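*Asks:* According to the numbering used here, the sequence shown is numbered sequentially starting from 181. Virtual Cβ for every residue (Gly too), placed ideally from N, Cα, C. Predicted, not measured: the structure shown is a model, and the values here were computed from it.
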Amino acid sequence: MEYQVEQVSPVKRKINVQVPKEEVEAALSATIALYRRDVDLKGFRKGKVPASVIENRFRKQIYNEAQTDLINLHINEILNELKITPISRIDVDASELKKGEEYSYSFSFEVAPEFELPEYRGLEVEEEEVVVKEEEVEAVIERLRNRMAEFVVVEENRNPQPGDAVVIDFKAFDGEEPIEGIAASNFQLVLGEGQALEDFEKIIYGLKAGESGSGDVKLPDDFINKDLAGKTIKMEVTLHAVKEKKLPALDDGFARKVGNFKNLKELRDSIFKSYEATRKELSKSVAQKKLLDDLKSKVEFDLPPSLVEFHLEQKIKEYIDKLERQGKNLESTGKTIEDLKKEFREEAEEITKSEIFLLAVAQQEGLKVDYSEVDAELQKIATYSGQSFEAIKEFYEKNNLLVALKDKILADKAMELIYSEAKVKKVPPQDKEQEADESSTDKDKENK
């Protein structure tokens, strides 16, 4: 077997392979021998069927299998010999094998671009110090109190107010026709928190317990029922009860109800530490991005199209998944897949450039990722998504995502190395309110 390497582009290689007829004959003979050993044919003892009979009877399967085995063997040998690792799928351009003739084929794939790494150790970067304000901690506690509040029926006969809960019956009409799916009995709704449309809540605010009323409600343009989106419908409401919110007392008992906290001080400390940890990670992430952006600005290289497309597809999937969690779909946004490709392409290219740069650092530093680290990352994904580890691993295996996950872990290791070797200068935070992932902070407290 002989081959020539063709550099189609800085990130694409094509290998042209020539196979002598003797090797073709050997591949066919080996496959025929396997069939001869395993096949049962009437009139012959197993393993004693003549090779010519086997070849005539199973010619198509034999030639296809021999070709596949021969090409796979060559690809592995050539890539090992050249010490090349494809970063895309391998595309094979091959005709059928012909007995007694030489055989030629080619295969192509994408590779990481070659470039000279700039100095990535000892870089200077500023990182904001973390500040957690007391009022931020108290705001979380107030949100927790509101979530644990009880709603008590109001004794006085008054109209509901924002923050009250109401028990209602309601139904909707498009003209004179009832709208299926927009109706309920003894439905409890908290007013003024965005759970219902403003027009609908206005009807309720005008009622007292035992009264009924109606009014027009304009549905949003992105309403989940496309036939009703943007329409004005009529809503009829009967108000059965008004309930006001009763907050739990702010004491050690409240802290114990929230989670495994002995007292209120321990709860406050936990919220503070959660904010602090989140913001430290955010400040570190911002500093790491500064380092990486600075390093990327010093190099230029071609991006493998397949890798850009992979990250582009991931960004589009994330966007559509987010819409679905909000009860929407892509059509409701007025966008198409082509629109999303244009919108996210630049970001996908930046992600690709970052990954290639960091993987080059990882290779130079001899960084590795073992199976336990991949499994640990899969476990995190499983915990976050609420699925089992086995289900997540099976999904990643079936969709050929394990290599991408391994590369991500390796790139993260390289980024940690660059950051750990950097000269980090702590600076006061900018004069603005720091944002934290409050929802996750609250969730952490409630899950304890």
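(1) Report the rounded CA-to-CA distance for Asp218 versus Ile242, giving the unit in angstroms.
(2) Glu290: buried (16+ other C-beta within 10 angstroms of its C-beta) or exposed?
(3) Please classify Met328: is it buried, with 16 or more other beta-carbons within 10 angstroms of its beta-carbon, or exposed?
(4) Alpha carbon to alpha carbon, how far is Lys586 from Ile496?
(5) Quick one: what does DSSP say Ser619 is sitting in, helix, strand or coil?
(6) Quick check: the Cα distance between Ser288 and Val466, rounded to an integer number of angstroms?
(7) In its own chain, which residues sit with a C-beta less than 7 Å from the C-beta of Ser478, not counting the 5 before and 5 after it?
(8) Evaluate Glu461 with the Cβ neighbour count: other Cβ atoms within 10 Å of its Cβ, from every protein chain shown; 16 or more gives buried, anything less gives exposed.
(9) Check the DSSP bridge columns for Gln241 and list the partner residues they point to.
(10) Below 8 Å on the Cβ atoms is my guess for Pro342 versus Gly374; work out the distance and round it to an integer in Å.
(11) What are the boundary residues of the beta strand (DSSP E) that includes Val604?
(12) Could you compute how far the alpha carbon of Ser463 sits from the alpha carbon of Val310?
(13) Going by DSSP, what residue range makes up the beta strand (DSSP E) through Thr265?
(14) Quick one: give me the first and last residue of the beta strand (DSSP E) that Ser637 is part of.
(15) Just tell me which of Ile451, Asn339 and Glu314 has its CA closest to the CA of Lys423.
(16) What are the residues that DSSP puts in a beta bridge with Pro358?
(17) Here's the rule: buried if 16 or more other CB atoms are within 10 angstroms of the residue's CB, otherwise exposed. What is Leu475?
(18) Considering only their Cβ atoms, is the gap separating Asn337 from Lys388 smaller than 8 Å?
(19) Does the Cβ-Cβ distance between Thr418 and Asp354 come in under 8 Å?
(20) Applying the 10 Å Cβ sphere with the 16-neighbour rule, what's the burial state of Met595?
(21) Once DSSP output is grouped into helix, strand and coil, what is the label at Lys426?
(22) What does the Cβ neighbour count give for Glu535, buried or exposed, with the cut at 16 atoms within 10 Å?
(23) Is Glu257 helix, strand or coil by DSSP?
(24) Could you please give me the residues that DSSP links to Ile195 through a beta bridge?
(25) May I ask which residues mark the beginning and end of the beta strand (DSSP E) holding Ala292?
(26) What's the call for Ala364, buried or exposed, on a 16-neighbour Cβ count within 10 Å?
(27) On a Cα-Cα basis, can you pick out the residue from Glu294, Ala319, Leu444 and Glu356 that is closest to Pro190?
(28) Report yes or no: do three or more beta-carbon pairs, one from the region 519 to 532 and one from the region 222 to 231, lie closer than 8 Å?
(29) Please report the Cβ distance between Val549 and Tyr455, rounded to the nearest whole angstrom; I am assuming they are in contact, meaning their Cβ atoms lie under 8 Å.
(30) Keeping to the same chain, check which residues put their C-beta closer than 7 Å to that of Val272; ignore five residues upstream and five downstream.
(31) For Gln187, I'd like the list of residues in its chain whose CB is within less than 7 Å of its CB, leaving aside the five on either flank, ordered along the chain.
(32) Using only the alpha-carbon positions, how far apart do Pro400 and Lys411 sit?
(33) What residue range is occupied by the uninterrupted beta strand (DSSP E) comprising Phe331?
(34) State the beta-bridge partners of Lys414 as determined by DSSP.
(35) In terms of DSSP beta bridges, what is Ala435 paired with?
(36) Can you tell me whether Tyr283 is buried or exposed, with buried defined as 16 or more other CB within 10 angstroms of its CB?
*Replies:* This is what the structure holds:
(1) Taking the first residue of the sequence shown as 1, we reach residue 218 at position 38. Taking the first residue of the sequence shown as 1, we reach residue 242 at position 62. If I take the Cα positions, the gap works out to 13 Å.
(2) Here residue 290 refers to the residue found at position 110 of the sequence shown. Here Glu290 is buried, its C-beta having at least 16 other C-beta atoms within 10 Å.
(3) Taking the sequence shown and counting its residues from 1, the one referred to as residue 328 is at position 148. The residue is exposed, with fewer than 16 neighbouring Cβ atoms inside 10 Å.
(4) By 1-based counting over the sequence shown, the position of residue 586 is 406. By 1-based counting over the sequence shown, the position of residue 496 is 316. When rounded, the distance between both Cα atoms is 21 Å.
(5) Position 439 of the sequence shown, counted from the start, is the residue given in the question as residue 619. In this predicted model, Ser619 has a pLDDT of only 46, less than 50, meaning its place in the structure is not dependable enough to derive any value.
(6) Within the sequence shown, residue 288 is the residue found at index 108, counting from 1. Within the sequence shown, residue 466 is the residue found at index 286, counting from 1. Taking the straight line from one Cα to the other gives about 39 Å.
(7) Sequence index remark: in the sequence shown, residue 478 carries index 298 (1-based). In the sequence as presented, Ser is not what sits at residue 478; that position holds Lys. The residues are Pro298.
(8) Translated into the one-based positions of the sequence shown, residue 461 becomes position 281. The residue is exposed, with fewer than 16 neighbouring Cβ atoms inside 10 Å.
(9) Here residue 241 corresponds to residue number 61 of the sequence shown, with the count starting at 1. Answer by DSSP bridge pairing: none, since Gln241 is not bridged.
(10) The count along the sequence shown starts at 1 and reaches residue 342 at position 162. The count along the sequence shown starts at 1 and reaches residue 374 at position 194. With 8 Å as the limit, Pro342 and Gly374 do not qualify as a contact, their Cβ atoms being about 11 Å apart.
(11) As a first step, residue 604 must be located in the sequence shown, where it is residue number 424. Per DSSP, Val604 belongs to the beta strand (DSSP E) from Lys603 to Val607.
(12) Here residue 463 corresponds to residue number 283 of the sequence shown, with the count starting at 1. Here residue 310 corresponds to residue number 130 of the sequence shown, with the count starting at 1. If you take the alpha carbons of Ser463 and Val310, they lie about 8 Å apart.
(13) Indexing the sequence shown from 1 puts residue 265 at position 85. Taken as a continuous stretch (DSSP letters only), Thr265 belongs to no beta strand (DSSP E), as it is neither H nor E.
(14) One cannot answer for residue 637 here, as it falls past the ends of the chain, which runs 181 to 628.
(15) Looking up residue 423 in the sequence shown gives position 243. Nearest option by C-alpha distance: Asn339.
(16) Looking up residue 358 in the sequence shown gives position 178. Beta-bridge pairing links Pro358 to Phe353.
(17) The residue given as residue 475 occupies position 295 in the sequence shown. With 16 or more Cβ atoms within 10 Å of its Cβ, Leu475 is classed as buried.
(18) Here residue 388 refers to the residue found at position 208 when the sequence shown is read from its first residue. Here residue 337 refers to the residue found at position 157 when the sequence shown is read from its first residue. Yes, Cβ-Cβ distance for Lys388 and Asn337 is below 8 Å.
(19) What you label residue 418 is simply residue 238 of the sequence shown in a count that begins at 1. What you label residue 354 is simply residue 174 of the sequence shown in a count that begins at 1. No, these two residues do not count as a Cβ contact at 8 Å.
(20) Residue numbering aside, residue 595 sits at position 415 when the sequence shown is read from its first letter. By the neighbour-count rule (16 or more Cβ atoms within 10 Å), Met595 is buried.
(21) For the purposes of this step, residue 426 is taken as the residue at position 246 of the sequence shown. Three-state result, Lys426: strand.
(22) Residue 535 sits at position 355 when you count from the first residue of the sequence shown. Buried, because 16 or more other Cβ atoms sit within 10 Å of the Cβ of Glu535.
(23) The residue labelled residue 257 in the question sits at position 77 within the sequence shown. In this structure, Glu257 counts as helix in the three-state DSSP scheme.
(24) Against the sequence shown, residue 195 aligns to sequence position 15. Val185 and Phe287.
(25) If you number the sequence shown from 1, residue 292 lands on position 112. Where Ala292 is concerned, there is no enclosing beta strand (DSSP E), given that its DSSP letter is neither H nor E.
(26) Here residue 364 corresponds to residue number 184 of the sequence shown, with the count starting at 1. Around the beta-carbon of Ala364, fewer than 16 other beta-carbon atoms lie within 10 Å, marking it exposed.
(27) On the sequence shown, residue 190 is found 10 positions in, with the first residue counted as 1. Comparing Cα-Cα distances from Pro190 to each of Glu294, Ala319, Leu444 and Glu356, the minimum goes to Glu294.
(28) no
(29) Within the sequence shown, the letter at position 369 stands for residue 549. Within the sequence shown, the letter at position 275 stands for residue 455. So it is not a contact: roughly 32 Å between Cβ atoms.
(30) The count along the sequence shown starts at 1 and reaches residue 272 at position 92. Apart from sequence neighbours up to five positions away, the residues of its chain that approach Val272 with a beta-carbon distance below 7 Å are Ile251, Tyr285 and Phe287, ordered along the chain.
(31) For the purposes of this step, residue 187 is identified with residue 7 of the sequence shown, where counting begins at 1. If we look at Gln187 and ignore the five residues flanking it on each side, its Cβ neighbours are Arg193.
(32) Counting from 1 along the sequence shown, the entry for residue 400 is found at position 220. Counting from 1 along the sequence shown, the entry for residue 411 is found at position 231. Rounded to whole angstroms, Pro400 to Lys411 spans 8 Å at the Cα level.
(33) Here residue 331 refers to the residue found at position 151 when the sequence shown is read from its first residue. Looking at the DSSP string, the run of the beta strand (DSSP E) that includes Phe331 is Glu330 to Val333.
(34) By 1-based counting over the sequence shown, the position of residue 414 is 234. Lys414 is bridged to Phe353 and Asp396.
(35) For the purposes of this step, residue 435 is taken as the residue at position 255 of the sequence shown. Beta-bridge pairing links Ala435 to no other residue.
(36) Translated into positions along the sequence shown, residue 283 becomes position 103. Per the 10 Å Cβ criterion, buried.
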